[in-house]
Structure formats: C-alpha cells, structure tokens
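**Q** Take a look at the following structure, please.
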Ligand SMILES: Cc1cc2nc3c(=O)[nH]c(=O)nc-3n(C[C@H](O)[C@H](O)[C@H](O)COP(=O)(O)OP(=O)(O)OC[C@H]3O[C@@H](n4cnc5c(N)ncnc54)[C@H](O)[C@@H]3O)c2cc1C
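The following block contains the structure:
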C-alpha cells in the first residue's frame, strides 16, 4: 500500500479543491439548521451543481452523468468535499447502494432512465429490505411476490426504510418461492414508491426526527420488467447492495482530532483544561489510534478497488469500529463539558450540536447494515476462518421452517 498521492492524484486533488473553493455554497446560515425539507432542498441544489461538473459520482462513466474518473479520484474528491459545510446525506442509500445494484443487474434502458436523474439529485432511492421479523436474518423475510402473467403482485410489510417518505423509487426484496430453502426463494424488484398500494408511515426517533418508516405493501402490481436478476436469485442481488452498504458505513465519522483538541482545550478542568487530564489524554490516544486504523483499513479497500478487485470483508471491520468509536467519542465529549453538554441548540452548542446528534445517532449506526454481533460473526468466519455458526435452517424449505409456516403457498 502506498498512502501518498501519486503526482496524478495530487494534481487531481488540487483541481478538486480549486473547484470546491469556487463552487461550494457559503450560506449565511448552515444548511444543518434548516428543517428536513430545507436540508433536502439544499442537498438537491448542491448535488445538481456537482452533477453538472461530473463530480456527483466521479468514478462513474460520463454517459451516465458521472465523471469518468477512477475510484481513487472519487475518494480524493470526497475527502476534499468533507472540508466544506455542504449537504450530502440524502443520497447515500440511492447512489451508494441502490444505483450500484441497478448498474450490475438492470438492462441498459433502465440504467439510462434512472442513473442520470439520481446523480442530479432529482430522484432518490430507498432500500426496502428489513421487515419486523427479518433484519439480521434478512433471508427469512415474509413479504410475498406472486406471479400473475407478466406481472407480480406484492403484499407484506417493510420496516426501518430510511427516507421512504421522500424517496421516489426503492429496491424491494420479496419471497417468490416458499418450497425452497430461504435464501433460494427470494427475488429483487425495483418499485415506484408512488404505486397504488404503497403506504409509508413515519417512525419517530429520539433525535426528534423521523428518518425512517414502516412501508405497507397491499396488492402492489409490479411489471416483470422491474425484476432485477433472475426469479429466485434475489439473494445474490441483495449481497451486492449489502456489500456497498458496509463500505458506506465504514466511513470515519464524528469530530476530527483537531476539533477534539480545540474543544477539550477550551473546557476548564482543575487548574487547566480537560486536555491536561492524563486519563482523558489516554482515551484521546486510543481514539487517534482507532481513527488511524480506520483510515488505513479504508486505504486497503481503496487499493483493492484501484486494482479492479472487489473489496473483501474488511469493510465489516471498518463499520464495526467506526460505529462504536463514534458512540464512545460523542458520549465522552458531551460528558467532559458537564452541564454545557446538555445544550442541543445548534446555535449555542459546541460544534453546532454535532456531538449531541452523533450521540443519539450512533446506536442506530451500530445496528444498520449489520449489527455488531453479525459483523463479528462475519469477521470470525470469513476473515479469521473460525468455525461457522450452527445453522439449523440450512437446506430446509422456507415453508417448513417454524417461522415460515404462516407463509404456506398461496394460490397464484
Ligand atoms: C438507522 C437505521 C437505518 C436503517 N435503514 C434501513 C433501510 O433503509 N432499509 C432497510 O431495509 N433496513 C434498514 N434498517 C434496518 C437494519 O438493517 C436492521 O435493523 C438490522 O439488520 C438488524 O435487524 P433487526 O433490527 O431486525 O434486529 P435483529 O436481527 O432482530 O437483532 C436483534 C439482536 O439480536 C442479535 N442477533 C441477531 N442474530 C444474531 C446472530 N446470528 N448471532 C448473534 N447475535 C444475533 C443482533 O445483533 C441484535 O443485537 C435500518 C436500521 C437502522 C438502525
């Protein structure tokens, strides 16, 4: 691994920084202080500016509206963009997970229809995978898609669907065959979220927001052209989405080391500041080491990408460490401010209330895209080669599983 920019990469970085200096919006009031509709509007506007210049997805082909660059250039642009107060959050699931799945499994017309508007921020996608009884055990899901001539009729319920309330389209994983083992009876579809029979109900969170939803599907009719991959091949399609989800989740989050130093230096403690406290300095050293480990693990992924290889299970290590580090860091930095740590008002709190938001958001990050326990299982089995968990449902038809019985075959 070579961690230094090559001359070409350094030149690209300089160009990207120059472009950002010129084009990144500098609003009087941070977009973070707006309500969701205002943040979404700001995010769409910034996405459109990037798309016009080929920066919306640097590594995607120009004919789709991408930049025609390399994966490394994509990362360099993201690193430079992170220095600016610009809104990027609403497109992570669509551009980071759903569209890459379309690119691999959809026909050229579908790709041409959906990729450019998604890049411009005009259409947003969501992931309709999890259900009340299928999260870690995603392959155990119950939503049924029943074939009727050249279309499918879908009934069931999804949950925790981030952004379903503002999304235009979604990737939906459904059960199409109950007579085969659970992984073999799934099929992936894309659906229009405005289709008759799709009902979205918000789930209110302790952050005060309602980022995710329950989605009820009642006799939703989906043409067979909206199937991605073969009928019964949905699990292989879902794995592509999930791998991309873990890459997204492995990003280093929370305050930078410099922000931590500035904050703790400014908080009085004893005869000095929190930064003078030896116990706190030890924790600081550990967070620094974790951040460096995350960075270098990500570089390993980048090295694989730049060689045209598919990243391996190291993305699971990154997400596992990044999520628990964020939770501990936010908690410690709120606590060290004593009573001032209680202030959530973004115009008064340190770092515009980012610590309080991180503190409330981090537990969700430890669950989304694979819980800590599931990621540890993946690392144990696929990285360390330890014996696999006992799987009593292996090879058993879904309808013969204790949880599958209520899904006994229906008359098509
Ligand atoms: C912020 C957030 C956003 C999300 N967004 C989306 C979205 O957009 N679309 C979507 O489809 N889903 C989304 N999800 C759902 C997410 O994928 C699931 O919550 C996650 O997969 C866990 O599933 P579950 O909640 O059903 O928990 P369960 O699977 O029921 O797990 C409960 C507990 O049991 C443990 N456990 C389960 N199986 C094992 C095992 N084999 N070994 C050891 N321990 C085990 C888990 O680690 C966990 O602690 C989101 C979740 C969150 C928190």
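Residue numbers (my numbering): 568 to 979.
Cβ atoms here follow ideal geometry from the backbone N, Cα and C, with glycine treated the same way.
Quick caveat: nothing in here was measured; it's all calculated off a predicted structure.
Once you ignore the five residues that flank residue 824 on each side, which residues in its own chain have a CB closer than 7 Å to its CB?
**A** For the purposes of this step, residue 824 is identified with residue 257 of the chain shown, where counting begins at 1. The residues are 855, 858.
**Q** So, residue 611 versus residue 688, is the Cβ gap smaller than 8 Å?
**A** For the purposes of this step, residue 611 is identified with residue 44 of the chain shown, where counting begins at 1. For the purposes of this step, residue 688 is identified with residue 121 of the chain shown, where counting begins at 1. In contact: residue 611 and residue 688 (Cβ atoms closer than 8 Å).
**Q** For residue 920 and residue 847, I'd like the C-alpha separation in whole angstroms.
**A** Along the chain shown, read from residue 1 onward, the residue named residue 920 stands at position 353. Along the chain shown, read from residue 1 onward, the residue named residue 847 stands at position 280. Near 21 Å, if we compare the C-alpha coordinates of residue 847 and residue 920.
**Q** Near residue 614, what residues of its chain come up, given a Cβ to Cβ distance below 7 Å and the 5 sequence neighbours on each side ignored?
**A** The sequence position of residue 614 within the chain shown is 47, counting from 1. If we look at residue 614 and ignore the five residues flanking it on each side, its Cβ neighbours are 623, 658, 687, 688.
**Q** Taking 7 Å as the cut-off, does the CB of residue 695 come closer than this to any heavy atom belonging to ligand 3?
**A** Ligand 3 is not part of the structure shown, which contains ligand 1 as its ligands.
**Q** Could you give the distance in angstroms between the alpha-carbon of residue 759 and the alpha-carbon of residue 780?
**A** Position 192 of the chain shown, counted from the start, is the residue given in the question as residue 759. Position 213 of the chain shown, counted from the start, is the residue given in the question as residue 780. Each residue's alpha carbon lies about 16 Å from the other.
**Q** Regarding residue 626 and ligand 1, is the C-beta to nearest heavy atom distance less than 7 Å?
**A** In the chain shown, counting from the first residue as 1, residue 626 sits at position 59. Every heavy atom of ligand 1 is 7 Å or more from the Cβ of residue 626, so no.
**Q** At which residues does the beta strand (DSSP E) containing residue 694 begin and terminate?
**A** Residue mapping note: residue 694 aligns to position 127 of the chain shown, counting from 1. Note, residue 694: beta strand (DSSP E), 692-695.
**Q** Assign residue 573 to one of two classes, buried (16 or more other C-beta atoms within 10 Å of its C-beta) or exposed (fewer than that).
**A** As a position in the chain shown, residue 573 is number 6, starting the count at 1. Classification of residue 573: exposed, given that the 10 Å Cβ count is below 16.
**Q** Give me the Cα-Cα distance between residue 843 and residue 827, rounded to the nearest whole angstrom.
**A** By 1-based counting over the chain shown, the position of residue 843 is 276. By 1-based counting over the chain shown, the position of residue 827 is 260. Distance between the alpha carbons of residue 843 and residue 827: 13 Å.
**Q** Our contact map puts residue 653 next to residue 592 with C-beta atoms below 8 Å; I'd like the distance itself, whole angstroms only.
**A** Within the chain shown, the letter at position 86 stands for residue 653. Within the chain shown, the letter at position 25 stands for residue 592. The C-beta distance from residue 653 to residue 592 rounds to 7 Å, short enough to fall under 8 Å.
**Q** So what's residue 956 in DSSP terms, helix, strand or just coil?
**A** Within the chain shown, the letter at position 389 stands for residue 956. Coil at residue 956, not helix or strand.
**Q** Could you tell me whether any non-hydrogen atom of ligand 1 is closer than 7 Å to the CB of residue 936?
**A** If you number the chain shown from 1, residue 936 lands on position 369. Within the cutoff, so yes.
**Q** Check whether the Cβ atoms of residue 736 and residue 692 sit closer than 8 Å, and answer yes or no.
**A** By 1-based counting over the chain shown, the position of residue 736 is 169. By 1-based counting over the chain shown, the position of residue 692 is 125. Yes, these two residues count as a Cβ contact at 8 Å.
**Q** For my contact list, residue 668 and residue 712 are in at a C-beta cut-off of 8 Å; report their separation, rounded to the angstrom.
**A** On the chain shown, residue 668 is found 101 positions in, with the first residue counted as 1. On the chain shown, residue 712 is found 145 positions in, with the first residue counted as 1. So it is not a contact: roughly 17 Å between Cβ atoms.
**Q** To the nearest angstrom, report how far apart residue 684 and residue 678 are at their CA atoms.
**A** Position 117 of the chain shown holds residue 684. Position 111 of the chain shown holds residue 678. C-alpha separation (whole angstroms): 10 Å.
**Q** Which word fits residue 838, buried or exposed, when buried means at least 16 other C-beta atoms lie within 10 angstroms of its C-beta?
**A** The sequence position of residue 838 within the chain shown is 271, counting from 1. Result: exposed.
**Q** Write down the C-beta distance between residue 671 and residue 697 rounded to the nearest angstrom, noting that I regard them as a contact closer than 8 Å.
**A** Counting from 1 along the chain shown, the entry for residue 671 is found at position 104. Counting from 1 along the chain shown, the entry for residue 697 is found at position 130. Actually they are not in contact, since the Cβ atoms of residue 671 and residue 697 sit about 21 Å apart, beyond 8 Å.
**Q** Going by the CB atoms, is the gap between residue 831 and residue 911 shorter than 8 Å?
**A** Here residue 911 refers to the residue found at position 344 of the chain shown. Here residue 831 refers to the residue found at position 264 of the chain shown. Taking C-beta atoms as the reference points, residue 911 and residue 831 fail to come closer than 8 Å.
**Q** To the nearest angstrom, how far is the alpha carbon of residue 674 from that of residue 793?
**A** Start at 1 with the first residue of the chain shown, and residue 674 comes out as number 107. Start at 1 with the first residue of the chain shown, and residue 793 comes out as number 226. Between residue 674 and residue 793, the C-alpha separation is close to 10 Å.
**Q** Tell me the rounded alpha-carbon separation between residue 773 and residue 576.
**A** Translated into the one-based positions of the chain shown, residue 773 becomes position 206. Translated into the one-based positions of the chain shown, residue 576 becomes position 9. Distance between the alpha carbons of residue 773 and residue 576: 42 Å.
**Q** Determine the closest residue to residue 731 out of 745, 690, 721, 719, with distance taken between C-alpha atoms.
**A** Counted from its first residue, the chain shown places residue 731 at position 164. If we check each option's Cα against that of residue 731, 690 comes out closest.
**Q** For the beta strand (DSSP E) holding residue 586, just list the boundary residues, first then last.
**A** As a working mapping, residue 586 is identified with position 19 in the chain shown. Unbroken run through residue 586 is the alpha helix (DSSP H), 574-590; no beta strand (DSSP E).
**Q** Report the rounded CA-to-CA distance for residue 769 versus residue 963, giving the unit in angstroms.
**A** Position 202 of the chain shown holds residue 769. Position 396 of the chain shown holds residue 963. If I take the Cα positions, the gap works out to 36 Å.
**Q** In three-state terms, what does DSSP make of residue 810?
**A** Walking along the chain shown from the start, residue 810 turns up at place 243. Helix at residue 810.
**Q** Determine the direct distance from the alpha carbon of residue 771 to that of residue 778, and round the result to whole angstroms.
**A** Counting from 1 along the chain shown, the entry for residue 778 is found at position 211. Counting from 1 along the chain shown, the entry for residue 771 is found at position 204. Rounded to whole angstroms, residue 778 to residue 771 spans 8 Å at the Cα level.
**Q** Measure the alpha-carbon distance for residue 621 versus residue 869 and round it to whole angstroms.
**A** On the chain shown, position 54 is the one that residue 621 refers to. On the chain shown, position 302 is the one that residue 869 refers to. Cα-Cα distance, rounded: 21 Å.
**Q** Excluding sequence positions up to five away, which residues of its chain have a Cβ less than 6 Å from the Cβ of residue 880?
**A** Translated into positions along the chain shown, residue 880 becomes position 313. Cβ neighbours of residue 880 beyond the five flanking positions: 945, 949, 950.
**Q** When we look at the beta-carbon of residue 710 and count the other beta-carbons within 10 Å, is it buried (16 or more) or exposed?
**A** Stepping through the chain shown from its first residue, residue 710 is reached at position 143. Buried, since its Cβ has 16 or more Cβ neighbours within 10 Å.
**Q** Nearest CA to the CA of residue 665: which residue from 740, 822, 655, 938?
**A** As a working mapping, residue 665 is identified with position 98 in the chain shown. If we check each option's Cα against that of residue 665, 740 comes out closest.
**Q** How should residue 662 be labelled, buried or exposed, when 16 other C-beta atoms within 10 angstroms of its C-beta is the threshold for buried?
**A** Mapped onto the chain shown, residue 662 falls at position 95. With 16 or more other Cβ atoms within 10 Å, it is buried.
**Q** Mind checking whether the beta-carbon of residue 941 lies closer than 7 Å to any heavy atom of ligand 1?
**A** Taking the chain shown and counting its residues from 1, one reaches residue 941 at position 374. The answer is yes for residue 941.
**Q** Under three-state DSSP, which class holds residue 684?
**A** By 1-based counting over the chain shown, the position of residue 684 is 117. Residue 684: helix per DSSP, three-state reduction.
**Q** For residue 747, report the span of its beta strand (DSSP E) as first-last.
**A** Position 180 of the chain shown, counted from the first residue, corresponds to residue 747. Element bounds for residue 747: n/a, residue is neither H nor E.
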